[in-house]
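Here is the structure we will look at.
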Amino acid sequence: MSGPTPERQDAMLKRLARVEGQVRGIQAMIRRGEPCEAIAQQFSAARKALDKAYQEMLACLVEETVLDPERDAAETLARVRAIFTKYT
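Oh and the sequence shown: position 13 is 13 in UniProt numbering, straight run, nothing missing.
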């Protein structure tokens with residue numbers, strides 16, 4: 001497989017860098033002893049951002065599978081089913 005396009009790769013890396021920043025922020029909040037609810041809100045935001053990045057990667061994987069000219073329809077369907085079983 002070829003992997004994500006340069007544009008998609010750049011977008012995913014930027015999204016992950018934001019998640020990384022959010023996680024560092026959460027660590028700082030914990031060190032400062034901030035209220036649990038404020039920390040939980042930031043955890044929730046980081047989880048949603050990571051989920052979005054993960055969804056983008058799954059979309060890339062499905063697109064690679066669907067657009068693979070060497071697979072017939074039955075193979076493509078089996079691979080897409082396997083992707084969803086394995087990764088969701």
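For every residue, glycine included, the Cβ atom is placed at its ideal position computed from N, Cα and C.
Practice item. Have a look at I26 and M12 and give me their C-alpha separation to the nearest angstrom. Key: Residue numbering aside, residue 26 sits at position 26 when the sequence shown is read from its first letter. Residue numbering aside, residue 12 sits at position 12 when the sequence shown is read from its first letter. So the alpha carbons of these two residues sit roughly 21 angstroms apart.
Review point. What number of angstroms, rounded off, separates the C-alpha of L61 from the C-alpha of Q22?
Key: Indexing the sequence shown from 1 puts residue 61 at position 61. Indexing the sequence shown from 1 puts residue 22 at position 22. Near 26 angstroms, if we compare the C-alpha coordinates of Q22 and L61.
Check your understanding: Can R31 be considered in contact with the ligand NAD, in the sense that its beta carbon sits closer than 7 angstroms to one or more heavy atoms?
Key -> The ligand NAD is absent from the structure shown, which contains no ligands of any kind.
Point to revise | Distance between beta carbons of R15 and K52, contact taken as under 8 angstroms | key: As a first step, residue 52 is located in the sequence shown; it is residue number 52 there, counting from the start. As a first step, residue 15 is located in the sequence shown; it is residue number 15 there, counting from the start. Contact holds; Cβ gap of about 7 angstroms.
Check your understanding: Leaving out the 5 sequence neighbours to the left and right, which residues in its chain are closer than 8 angstroms to A38 when beta-carbon positions are compared?
Key -> The residue labelled residue 38 in the question sits at position 38 within the sequence shown. Closer than 8 angstroms at the Cβ level, and outside the excluded window around A38, lie M29.
Practice item. Flag this pair as yes or no: are the beta carbons of A59 and V19 separated by less than 8 angstroms? Key: Counting from 1 along the sequence shown, the entry for residue 59 is found at position 59. Counting from 1 along the sequence shown, the entry for residue 19 is found at position 19. For A59 and V19, no; Cβs fall outside 8 angstroms.
Point to revise | P6, DSSP secondary structure in three states | key: Looking up residue 6 in the sequence shown gives position 6. It is helical.
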